[in-house]
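Asker: Below is a structure I'd like to ask you about.
Residue numbers (our numbering): 193 to 716.
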């Protein structure tokens, strides 16, 4: 039978509520009543002496043999609670509480498998209490958090919860059969988790996780000035955790479009999405803490970014950015009358966004040649490029978005210098018409020595790519009819902004030949 055992409880609390593991593992009906013995104190010989007066708190009285007869009529204490879904994270409900007297139902957080800090309590009456709601918790519950519903007495000021821990003398936890009356339970709330994503198909998105308290819908909305707008797709979800939920869209997504994944209940005809946006219609949005369960995300479609480029290796090109929604191939096609022609190189790409993807070619490029970078699927043998344009259903076909192949053209150039004979108005400055460099470097002016280039008499920095009309200041004035040499040098001296000389910043070579052009100057 139930009894208040203050000394036992103080020790149990001081020892970390060691009896709770047993109470928490019982059936959902809670603990039964404890024994009907007296409270007592130690005797001089180490035994226990009776300290209860007849008719005291235990409700007992002396029988004719001098023992105690239990006359308590209060019901056995019990707490029944199950894992639950909440839509208000500051509130939980315990379905059934039986209390031998007026008391408290107290909610404790988990502390390494045992009840810890108190975050809320509600009064219970003597006897059976149904659907006891503990609102106004001191903090919001977390997703999947374990809580403990514990029955406490109300022995202090009536209606005032006064338990403050192991040293408290009021409102102690209730015990039955020597165990605290407590039940653990897990709290969950509806939620949606969705990531920004690269689409393999512009009519299909994926929601990472949907937690639903019952059958429902995950609904995809378009963006309407920063809020969910028109619905463009939905699919059913089951109660519990739904992972990697695919939603078919009714229209094609666009690149870098913002969408919203929203959880709706299924309150109308099962399997039929019926929400029309009006109050009271079936399948309304689900709310938690009075806020709709929704998350925005951005979709990125497969894409390529190319640019005119100057190459240092005539059998390798670079694609600045590749966005792929699936594992596939980046393929380089040569030009065929203004359209992609034969394949001259490919490399595999994973799903994701990648910068500066290099592709080795089967042949050397021609100066000023147009090439095409194209994304292909990997539908055949993994790791083997198998596309054959002569076969209608060939593996590894070009990837399409909205019916269009994902392809970008670009022009490639060899590293070169172009400079013309010139009449100098200022003999201390010359101009180089164009410098094409594969990297940051220098255009260096050499004077003639023995029919070839000799000492350096001037230099100017050039950037990667095409540099036009580059002026170079000379260390001395040029002379009339003098032959000079414009030579491309690399920046190999630690990336400094200073030309460090021929040994440190050496001449650039293409296929073993220095990139240099001679020119003559006329001085008035």
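We put the CB at the ideal spot given by N, CA and C, even for glycine. It should be emphasised that the depicted structure is a prediction, and the values quoted were computed from it without experimental measurement.
1. In the structure shown, what three-state DSSP assignment does residue 280 receive?
2. Which residue comes first and which comes last in the beta strand (DSSP E) that contains residue 136?
3. Considering only the alpha carbon of each residue, which of 600, 344, 702, 303 lies closest to residue 315?
4. Rounded to the nearest angstrom, how far is the Cβ of residue 473 from that of residue 466, given a contact under 8 Å?
5. Could you tell me whether the Cβ atoms of residue 295 and residue 301 are closer together than 8 Å?
6. Going by the CB atoms, is the gap between residue 424 and residue 453 shorter than 8 Å?
7. Please name the residue, chosen from 646, 668, 671, 669, that lies closest to residue 679 on a Cα-to-Cα basis.
8. Are there 16 or more other CB atoms within 10 angstroms of the CB of residue 321, so buried, or fewer, so exposed?
9. I believe residue 317 touches residue 291 by the beta-carbon criterion, under 8 Å. Please report the beta-carbon distance rounded to the nearest angstrom.
10. Looking only at C-alpha atoms, which of 549, 629, 672 sits nearest to residue 706?
11. At the level of alpha carbons, what is the spacing between residue 500 and residue 702?
12. Can you find the residues in the same chain that come closer than 7 Å, C-beta to C-beta, to residue 627, ignoring five residues on each side of it along the sequence?
13. Kindly indicate which three-state DSSP category residue 133 falls into: helix, strand or coil?
14. Quick check on residue 269: buried or exposed, where buried means 16 or more other Cβ atoms within 10 Å of its Cβ?
15. DSSP on residue 485, reduced to helix/strand/coil?
16. Please state if the CB of residue 577 and the CB of residue 521 are separated by a distance shorter than 8 Å.
17. Inspect the beta-carbon positions of residue 622 and residue 567 and report whether they are closer than 8 Å.
18. Identify which residue in 311, 406, 509, 471 has its Cα closest to the Cα of residue 538.
19. Can you look up residue 712 in the DSSP assignment and give me helix, strand or coil?
20. Rounded to a whole number of angstroms, what is the C-alpha to C-alpha distance between residue 529 and residue 557?
21. In the DSSP output, what is residue 566 paired with across the bridge?
22. In angstroms, rounded to a whole number, what distance separates the CA positions of residue 481 and residue 380?
23. Under the assumption that residue 267 contacts residue 323 (Cβ atoms under 8 Å), give the Cβ distance between them as a whole number of angstroms.
24. Please list the terminal residues of the continuous beta strand (DSSP E) segment that includes residue 381.
25. Do residue 625 and residue 612 come within 8 Å of each other at the CB atom, strictly closer than that value?
26. Secondary structure at residue 579, three-state DSSP: helix, strand or coil?
27. Kindly list the residues whose CB is nearer than 6 Å to the CB of residue 545, restricted to its own chain and excluding five residues on each side of it in sequence; keep chain order.
28. With a threshold of 16 other CB atoms inside 10 Å of the CB of residue 670, please say whether the residue is buried or exposed.
29. State the Cα-Cα distance for the pair residue 511 and residue 278, rounded to the nearest angstrom.
30. What is the rounded straight-line gap between the Cα of residue 684 and the Cα of residue 560?
31. What is the DSSP secondary structure of residue 398, reduced to helix, strand or coil?
32. Going by the CB atoms, is the gap between residue 271 and residue 437 shorter than 8 Å?
33. For residue 716, count neighbouring C-beta atoms within 10 Å of its own C-beta (all shown protein chains included) and say buried if the count is 16 or more, exposed if not.
34. Contact defined as beta carbons within less than 8 Å: I believe residue 427 pairs with residue 401. What is the distance between those atoms, to the nearest angstrom?
35. Taking the continuous beta strand (DSSP E) assigned at residue 311, which residues delimit it?
36. According to the Cβ coordinates, are residue 518 and residue 491 closer than 8 Å?
Answerer: From the atom records:
1. Your numbering for residue 280 matches position 88 in the chain shown. Judged by DSSP in its simplified three-state form, residue 280 adopts coil rather than helix or strand.
2. Beyond the ends of the chain as shown, which are 193 and 716, falls residue 136; an answer cannot be given.
3. Against the chain shown, residue 315 aligns to sequence position 123. When only C-alpha atoms are compared, the closest one is 344.
4. Along the chain shown, read from residue 1 onward, the residue named residue 473 stands at position 281. Along the chain shown, read from residue 1 onward, the residue named residue 466 stands at position 274. Sure, about 7 Å apart at Cβ, within 8 Å.
5. For the purposes of this step, residue 295 is identified with residue 103 of the chain shown, where counting begins at 1. For the purposes of this step, residue 301 is identified with residue 109 of the chain shown, where counting begins at 1. No. Outside cutoff.
6. What you label residue 453 is simply residue 261 of the chain shown in a count that begins at 1. What you label residue 424 is simply residue 232 of the chain shown in a count that begins at 1. No; because the gap between Cβ atoms is not below 8 Å, this pair is not in contact.
7. The count along the chain shown starts at 1 and reaches residue 679 at position 487. Per the Cα distances, 646.
8. The sequence position of residue 321 within the chain shown is 129, counting from 1. Residue 321 should be labelled buried.
9. Reading the chain shown from its first residue, position 125 is the one you call residue 317. Reading the chain shown from its first residue, position 99 is the one you call residue 291. The C-beta distance from residue 317 to residue 291 rounds to 7 Å, short enough to meet the 8 Å contact threshold.
10. Walking along the chain shown from the start, residue 706 turns up at place 514. 629 is the residue among 549, 629, 672 whose C-alpha sits nearest the C-alpha of residue 706.
11. Stepping through the chain shown from its first residue, residue 500 is reached at position 308. Stepping through the chain shown from its first residue, residue 702 is reached at position 510. Taking the straight line joining both Cα atoms gives about 19 Å.
12. Reading the chain shown from its first residue, position 435 is the one you call residue 627. Result list for residue 627: 609, 635, 654, 659, 662, 680, in chain order.
13. Since the first residue of the chain shown is 193 and the last is 716, residue 133 is not available in this structure.
14. Numbered from its first residue, the chain shown carries residue 269 at position 77. That one is buried.
15. As a first step, residue 485 is located in the chain shown; it is residue number 293 there, counting from the start. Of the three classes helix, strand and coil, the one that applies to residue 485 here is coil, per DSSP.
16. Numbered from its first residue, the chain shown carries residue 521 at position 329. Numbered from its first residue, the chain shown carries residue 577 at position 385. Yes, these two residues count as a Cβ contact at 8 Å.
17. On the chain shown, residue 622 is found 430 positions in, with the first residue counted as 1. On the chain shown, residue 567 is found 375 positions in, with the first residue counted as 1. The answer is no: Cβ separation not under 8 Å.
18. The count along the chain shown starts at 1 and reaches residue 538 at position 346. Minimum Cα distance to residue 538 is reached at 509.
19. Mapped onto the chain shown, residue 712 falls at position 520. In the structure shown, residue 712 sits in a strand (DSSP, three-state: E or B).
20. Indexing the chain shown from 1 puts residue 529 at position 337. Indexing the chain shown from 1 puts residue 557 at position 365. The straight-line gap from Cα to Cα measures roughly 17 Å.
21. As a position in the chain shown, residue 566 is number 374, starting the count at 1. According to DSSP, which records beta bridges pairwise, residue 566 is partnered with 523, 599.
22. Locating residue 481 in the chain shown gives position 289, where the first residue counts as 1. Locating residue 380 in the chain shown gives position 188, where the first residue counts as 1. Roughly 13 Å separates the two Cα atoms.
23. One-based indexing of the chain shown puts residue 267 at position 75. One-based indexing of the chain shown puts residue 323 at position 131. Their Cβ separation, rounded to whole angstroms, is 18 Å, which puts residue 267 and residue 323 out of contact at 8 Å.
24. Looking up residue 381 in the chain shown gives position 189. The continuous stretches of beta strand (DSSP E) do not include residue 381, and DSSP gives it neither H nor E.
25. Taking the chain shown and counting its residues from 1, the one referred to as residue 612 is at position 420. Taking the chain shown and counting its residues from 1, the one referred to as residue 625 is at position 433. In contact: residue 612 and residue 625 (Cβ atoms closer than 8 Å).
26. The residue labelled residue 579 in the question sits at position 387 within the chain shown. Coil, per DSSP.
27. Along the chain shown, read from residue 1 onward, the residue named residue 545 stands at position 353. So the list reads 515, once near-sequence residues are dropped.
28. Position 478 of the chain shown holds residue 670. Classification of residue 670: buried, given that the 10 Å Cβ count is 16 or more.
29. Here residue 511 refers to the residue found at position 319 when the chain shown is read from its first residue. Here residue 278 refers to the residue found at position 86 when the chain shown is read from its first residue. Each residue's alpha carbon lies about 51 Å from the other.
30. Position 492 of the chain shown holds residue 684. Position 368 of the chain shown holds residue 560. In a straight line, the C-alpha of residue 684 is about 26 Å away from that of residue 560.
31. Position 206 of the chain shown, counted from the first residue, corresponds to residue 398. Reduced to three states, the DSSP call for residue 398 is strand.
32. Here residue 437 refers to the residue found at position 245 when the chain shown is read from its first residue. Here residue 271 refers to the residue found at position 79 when the chain shown is read from its first residue. Not closer than 8 Å, so no.
33. Against the chain shown, residue 716 aligns to sequence position 524. Taking every protein chain shown into account, the CB of residue 716 has fewer than 16 other CB atoms within 10 angstroms, so this residue is exposed.
34. Taking the chain shown and counting its residues from 1, one reaches residue 427 at position 235. Taking the chain shown and counting its residues from 1, one reaches residue 401 at position 209. Rounded, the Cβ-Cβ distance is 14 Å, inconsistent with contact.
35. As a working mapping, residue 311 is identified with position 119 in the chain shown. Residue 311 -> beta strand (DSSP E) spans 306–316.
36. Position 326 of the chain shown, counting from 1, holds the residue named residue 518. Position 299 of the chain shown, counting from 1, holds the residue named residue 491. For the pair residue 518 and residue 491, the CB atoms are not nearer than the 8 Å cut-off.
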